[in-house]
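Below you'll find the structure, written out as structure tokens, and then a few comments.
Numbering (this note's numbering), first residue to last: 383 to 719.
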């Protein structure tokens, strides 16, 4: 799928980008070029230490910001595939710096779209978040706007051979800023801050997120929002898994935070199909494919009327022991309780 292709990853020095690079190099020995596009020279330098130029000549490192359309167009020359992972992601940061979040997450998304259209890119997959579903914070609202931009881009491509789609998933286990590394650090201090005792979240591993993007690249028609079927966890179960017996303290829900996350609302269910392994929210406006054509292509069926996908009402849950095994597998191989 990616052999003899040039792939560009925006925000390529983040947790997802690093795992995606590793996966491409393992699976596609003949990938033509992998362009890591980001604005952090230190993180690029750190990745270069793991991939020396003499051993990995297919890697390219571009300093640039998705806010800069001209630089984005330069970077996309000759590119076949774009994975758009760049974003301002911290909820409280976005609440305090709303304009900066909009410039990166919304204006940046539009710049990626325009660069892809101008440079003859064939496939674009943008990363989203469960916070884009019925958003209550600015971060989620900007990602919803971004999702809509990428879906609608399929309607302005004209005769160009290009497809835009979105992958939306929940909390990534062990990613930067996520709860497990945070709790692992805090347990050394003898107290775990809990936002709310009833809080739940969806859970996905970094590799499963990468695999889902690969699936979308191989199967998308354009306009779909791909959503994984994944388990939920309770915040108190995470605390028990990481630090049994350590004191917890309820500190209150942070600004813009939900008690439970959603990935599909009952309103979304009108446009949602079930692929078996994933759900897909179809574009509300498509001049390229009908609902029937999407369903036939994906060998899918409609979800029931009123269906919704919520971390608090999910039917699949992580156990405390299962979480410990996942921590060893995906976060810290030396972890013990």
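Positions of the beta carbon are idealized from the N, C-alpha and C atoms, including for glycine. Small disclaimer: the values here were computed from a predicted structure and weren't measured.
Rounded Cβ spacing between residue i and residue j (contact assumed at less than 8 Å)
i           : j           : result
residue 565 : residue 635 : Not a contact, Cβ separation roughly 17 Å.
residue 647 : residue 616 : That pair is no contact at about 22 Å.
residue 732 : residue 550 : This structure leaves residue 732 out entirely; the chain is present only between 383 and 719.
residue 522 : residue 612 : So it is not a contact: roughly 18 Å between Cβ atoms.
residue 414 : residue 387 : 6 Å
residue 548 : residue 497 : In fact, because the Cβ distance is near 17 Å, the residues do not count as touching under 8 Å.
residue 643 : residue 584 : 6 Å
residue 449 : residue 395 : So it is not a contact: roughly 16 Å between Cβ atoms.
Through-space distance from residue j to residue i, alpha-carbon basis
i           : j           : result
residue 436 : residue 430 : 11 Å
residue 629 : residue 689 : 38 Å
residue 567 : residue 398 : 22 Å
residue 411 : residue 461 : 17 Å
residue 601 : residue 679 : 8 Å
residue 545 : residue 605 : 8 Å
residue 699 : residue 520 : 28 Å
residue 422 : residue 708 : 30 Å
residue 649 : residue 407 : 40 Å
residue 491 : residue 452 : 14 Å
residue 713 : residue 624 : 11 Å
residue 579 : residue 517 : 22 Å
residue 454 : residue 494 : 7 Å
residue 701 : residue 587 : 15 Å
residue 499 : residue 645 : 29 Å
residue 694 : residue 540 : 42 Å
residue 592 : residue 401 : 7 Å
residue 577 : residue 632 : 5 Å
residue 676 : residue 685 : 14 Å
residue 542 : residue 390 : 19 Å
residue 704 : residue 457 : 42 Å
residue 476 : residue 468 : 14 Å
residue 324 : residue 512 : In the structure displayed, the chain extends from 383 to 719; residue 324 sits before or after that span and is not available.
residue 405 : residue 573 : 37 Å
residue 590 : residue 473 : 23 Å
residue 418 : residue 466 : 11 Å
residue 681 : residue 478 : 44 Å
residue 385 : residue 439 : 15 Å
Of the residues the options, the one placed nearest residue i, counting alpha carbons only
i           : options               : result
residue 722 : 645, 471 and 395      : With the chain covering only 383 through 719, there is no way to say anything about residue 722.
residue 392 : 692, 434 and 442      : 442
residue 433 : 403, 692, 489 and 454 : 403
residue 526 : 580, 607, 695 and 675 : 607
residue 488 : 459, 702 and 447      : 447
residue 659 : 640, 674 and 683      : 683
residue 774 : 542, 467, 614 and 466 : This structure cannot settle anything about residue 774, because the visible part of the chain is limited to 383 through 719.
residue 672 : 687, 655 and 661      : 655
residue 618 : 692, 599, 575 and 438 : 575
residue 569 : 558, 409, 717 and 396 : 717
residue 555 : 627, 657 and 706      : 706
residue 641 : 529, 715, 692 and 626 : 692
residue 571 : 599, 594 and 627      : 627
residue 657 : 710, 622 and 594      : 594
residue 722 : 674, 563 and 557      : This structure gives no information on residue 722, because the portion of the chain shown stretches from 383 to 719.
residue 563 : 710, 409 and 599      : 710
Contact with chain B by residue i, beta-carbon distance below 8 Å
i           : result
residue 499 : This model lacks chain B altogether, as it is built from one protein chain only.
Problem set entry | Ordered list of alpha helix (DSSP H) runs contained in the stretch 402-489, each at least 4 residues | 423-432, 451-458, 473-478 and 480-484, all fully within the stretch 402-489.
For this session: Would you check if there are 3 or more beta carbon pairs closer than 8 Å linking the stretch 536-544 to the stretch 481-488?
Result: No: fewer than three Cβ pairs fall under 8 Å.
For this session: Check whether the stretch 498-506 touches the stretch 665-674, counting contact only when three or more Cβ pairs, one atom from each stretch, lie closer than 8 Å.
Result: no
For this session: Would you list, in sequence order, the uninterrupted alpha helix (DSSP H) runs of no fewer than 4 residues that lie entirely inside the stretch 499-573?
Result: 520-535 and 561-568
Problem set entry | Start-end ranges of the alpha helix (DSSP H) lying completely within the stretch 597-675, minimum 4 residues | 617-624
For this session: Kindly provide the ranges of any beta strand (DSSP E) runs that are 3 or more residues long and lie completely inside the stretch 672-713, ordered along the chain.
Result: none
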